[in-house]
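Data block below; observations after.
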Amino acid sequence: MPQFAIEVPPVVALPIVTNSALFPVRRVYCIGRNYAAHAIEMGHDPDREPPFFFQKNPSNLTSSGTFPYPPQSEDVHHEVEVAVMLKSGGTDIAVGDALDHVFGYALSLDMTRRDLQGVQKKMGRPWEIGKAFEHSAPTGPIHPASEIGHPDKGRIALTVNDEIRQEGDMNQMIWKVPEIIAYLSEYFELAAGDVILSGTPAGVGPVERGDTMIAEAEGLGSMTVSVA
Ligand code: MN
Numbered sequence: 007m008p009q010f011a012i013e014v015p016p017v018v019a020l021p022i023v024t025n026s027a028l029f030p031v032r033r034v035y036c037i038g039r040n041y042a043a044h045a046i047e048m049g050h051d052p053d054r055e056p057p058f059f060f061q062k063n064p065s066n067l068t069s070s071g072t073f074p075y076p077p078q079s080e081d082v083h084h085e086v087e088v089a090v091m092l093k094s095g096g097t098d099i100a101v102g103d104a105l106d107h108v109f110g111y112a113l114s115l116d117m118t119r120r121d122l123q124g125v126q127k128k129m130g131r132p133w134e135i136g137k138a139f140e141h142s143a144p145t146g147p148i149h150p151a152s153e154i155g156h157p158d159k160g161r162i163a164l165t166v167n168d169e170i171r172q173e174g175d176m177n178q179m180i181w182k183v184p185e186i187i188a189y190l191s192e193y194f195e196l197a198a199g200d201v202i203l204s205g206t207p208a209g210v211g212p213v214e215r216g217d218t219m220i221a222e223a224e225g226l227g228s229m230t231v232s233v234a
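Numbering (the numbering used here), first residue to last: 7 to 234.
Now the structure itself:
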């Protein structure tokens with residue numbers, strides 16, 4: 007074992023529904039504007055332009071069921087998404103082989119400091135300050151593909167205090183999961199432990215302290231997250 011000069015940071019690990027073992031997180035990639043209706047609500051053309059990505063930090067993924075309202079923002083939005091967990095990776099993965107690398111799927115929330123992101127967009131600057139903050143991706147337990155297969159259609163929705171805010175169908179993704187994996191692997195070396203957030207349907211909006219968010223997607227159950 008090597009010696010480390012400082013305390014080793016903890017491995018970020020997520021629970022798996024049918025397994026007491028945990029899934030260790032290596033990297034987090036997020037695709038932007040991957041549902042046409044959401045691209046339109048954000049003021050963009052939903053035509054199939056090349057996909058684009060930003061990243062969150064592994065430690066931004068939390069499974070505590072609590073989302074602490076972050077500092078420096080007055081407009082924090084919910085984005086319900088399906089997270090894809092990889093068990094292997096590589097470069098230049100063919101679309102037809104991409105699903106062989108998937109370990110499983112989970113519900114995730116791409117929480118966004120929309121006001122800060124808006125300033126960064128306007129100035130042509132990176133989005134991290136709006137996207138990659140502490141606790142910014144509450145994530146549910148992972149459903150292994152060996153048990154549920156590869157969901158590519160079915161309802162995905164988010165309620166806030168029992169009001170439906172976001173609703174769509176996973177079949178509305180502009181770039182499908184195998185295409186996202188193949189595309190990313192042209193630019194990055196993907197590997198076991200990587201997590202990909204696959205985009206959000208229309209209906210994003212703000213949350214307040216005290217709100218209760220419930221995310222659901224067909225085959226992935228539901229996840230309740232309190233805004234603290
Ligand atoms: Mn998103």
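Every residue, glycine too, gets a C-beta built ideally from N, C-alpha and C.
Could you tell me whether any non-hydrogen atom of ligand 1 is closer than 6 Å to the CB of T206?
Walking along the sequence shown from the start, residue 206 turns up at place 200. Result yes, Cβ under 6 Å from ligand 1.
Taking Cβ positions, are H141 and P56 nearer each other than 7 Å?
To locate residue 141, count along the sequence shown from 1; it is residue 135. To locate residue 56, count along the sequence shown from 1; it is residue 50. Cβ distance not < 7 Å, so H141 and P56 don't count as in contact.
Regarding E134 and ligand 1, is the C-beta to nearest heavy atom distance less than 6 Å?
Along the sequence shown, read from residue 1 onward, the residue named residue 134 stands at position 128. No, Cβ of E134 sits at least 6 Å from all heavy atoms of ligand 1.
Closer than 8 Å by C-beta to V18: which residues in its own chain qualify, once you throw out the five before and the five after it? Chain order, please.
Your numbering for residue 18 matches position 12 in the sequence shown. The residues are P30, V31, P64, S65 and L67.
Using 10 angstroms around the beta-carbon of H44, count the other beta-carbons present and answer buried if the total reaches 16, otherwise exposed.
Reading the sequence shown from its first residue, position 38 is the one you call residue 44. Looking at its Cβ environment, which holds 16 or more other Cβ atoms inside 10 Å, H44 is buried.
Residues bridged to Q172 [DSSP beta-bridge criterion]
Locating residue 172 in the sequence shown gives position 166, counting from the first residue. Answer is L164.
Report yes if the CB atom of T206 is closer than 7 Å to the CB atom of E87, and no otherwise.
Locating residue 206 in the sequence shown gives position 200, counting from the first residue. Locating residue 87 in the sequence shown gives position 81, counting from the first residue. Taking 7 Å as the Cβ cut-off, T206 and E87 qualify as a contacting pair.
Beta-carbon within less than 6 Å of F139's beta-carbon, same chain only, minus the 5 sequence neighbours each way: which residues are those?
Taking the first residue of the sequence shown as position 1, residue 139 is located at position 133. Same-chain partners within the cutoff: P76.
Check whether the region 186-206 and the region 79-99 are in contact - that is, three or more C-beta pairs closer than 8 Å.
yes
For N63, the three-state DSSP class (helix, strand or coil):
Counting from one through the sequence shown, the residue named residue 63 turns up at place 57. Coil.
Excluding the 5 residues preceding and the 5 following G174 in the sequence, name in chain order all residues of the same chain whose CB lies nearer than 6 Å to its CB.
Position 168 of the sequence shown holds residue 174. Correct list, in chain order: Y41, I162 and P207.
Using a Cβ-Cβ cut-off of 8 Å (strictly less than) and excluding sequence neighbours within five positions of G38, which residues of its own chain qualify?
Here residue 38 refers to the residue found at position 32 of the sequence shown. Counting only Cβ-Cβ distances below 8 Å, and skipping sequence neighbours, we find P57, F58, F59, F60 and G205.
Do the CB positions of P150 and G110 come within less than 7 Å of each other?
Taking the first residue of the sequence shown as 1, we reach residue 150 at position 144. Taking the first residue of the sequence shown as 1, we reach residue 110 at position 104. Yes, they are a contact pair.
Check for me: the alpha helix (DSSP H) holding S6 runs from which residue to which?
What the structure shows of the chain is the stretch from 7 to 234, and residue 6 is not part of that stretch, so it cannot be assessed.
Output the distance between the C-alpha atoms of G160 and D81, rounded to the nearest integer angstrom.
Taking the first residue of the sequence shown as position 1, residue 160 is located at position 154. Taking the first residue of the sequence shown as position 1, residue 81 is located at position 75. Going from the Cα of G160 to the Cα of D81 covers about 29 Å.
Consider the Cβ of H84: report whether some Cβ of chain B lies at a distance smaller than 7 Å.
The structure shown contains no chain B; it is built from a single protein chain.
How big is the Cα-Cα spacing for P21 and G146?
Translated into positions along the sequence shown, residue 21 becomes position 15. Translated into positions along the sequence shown, residue 146 becomes position 140. Going from the Cα of P21 to the Cα of G146 covers about 8 Å.
Return the bridge partner residues of F29 from the DSSP annotation.
For the purposes of this step, residue 29 is identified with residue 23 of the sequence shown, where counting begins at 1. In DSSP, F29 forms a bridge with L20.
Hey, quick one: how far does the alpha helix (DSSP H) through E134 stretch, first residue to last?
Within the sequence shown, residue 134 is the residue found at index 128, counting from 1. Per DSSP, E134 belongs to the alpha helix (DSSP H) from E134 to K137.
Quick one: is A11 buried, meaning 16 or more other Cβ sit within 10 Å of its Cβ, or exposed?
Numbered from 1 along the sequence shown, position 5 holds the residue referred to as residue 11. The residue is exposed, with fewer than 16 neighbouring Cβ atoms inside 10 Å.
Can you tell me whether D116 sits near ligand 1, meaning its C-beta is under 6 Å from at least one heavy atom of the ligand?
Locating residue 116 in the sequence shown gives position 110, counting from the first residue. D116: yes, Cβ under 6 Å from ligand 1.
CA nearest to the CA of M144, picked from M129, H83 and L105
As a first step, residue 144 must be located in the sequence shown, where it is residue number 138. At residue 144 the sequence reads Pro, which differs from the Met that was named. Nearest C-alpha to P144: H83.
Can you list, in chain order, the residues of its chain whose CB lies under 6 Å from that of G227, leaving out five sequence neighbours each side?
For the purposes of this step, residue 227 is identified with residue 221 of the sequence shown, where counting begins at 1. No residues qualify anywhere along the chain.
Taking DSSP as the reference, what is the three-state secondary structure of G124?
One-based indexing of the sequence shown puts residue 124 at position 118. Of the three classes helix, strand and coil, the one that applies to G124 here is helix, per DSSP.
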